[in-house]
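Single-structure report; data block below.
In this note's numbering, the protein residues as written are 30 to 146.
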């Protein structure tokens, strides 16, 4: 478990959630057992925000130092994208939410993401 209460929480699936905080560790929990199912490698700074996409395919981690990383939920051992932004980031929201705020549908957003990969 985390030594202090986590800053962030993300729903991954019916049986799993992710938490992260001051200890720089993202833990994925099996809610049926209440135990850690997996733990990601230590992040570069405190975890400020976790965002799981509505399609449950990716988990975005935002650190207090501005670092960002996106992990495919099927391969949590290493990020498939990361960036040092040098910005102070305190929270984030899902692209699905951003898409809903614009005229982009979730299907269009997924297609754009696939084209970028």
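Built from N, CA and C at the ideal position, the CB exists for glycine as well.
Straight through space, the alpha carbons of residue 97 and residue 80 are spaced by roughly 11 Å. In this structure, the beta-carbon distance from residue 52 to residue 31 falls below 9 Å.
As the crow flies, the alpha-carbon of residue 140 is around 27 Å from that of residue 38.
Contact check for residue 88 against residue 102 passes: the beta carbons are separated by less than 9 Å.
Check the Cα spacing between residue 42 and each of 108, 82, 55: the tightest is with 82. Counting every other CB atom within 10 Å of its CB across the protein chains shown gives residue 108 a total of 16 or more, marking it as buried. The Cβ neighbour count for residue 48, taken over all protein chains shown within 10 Å, is at least 16; the residue is labelled buried.
Taken in chain order, the unbroken stretches of beta strand (DSSP E) that lie wholly in the segment 48-86 and span 3 residues or more are 56-59, 64-68, 76-81. In the three-state DSSP reduction, residue 112 falls in the strand class (E or B). With respect to residue 70, residue 50 sits apart: the two C-beta atoms are not nearer than 9 Å.
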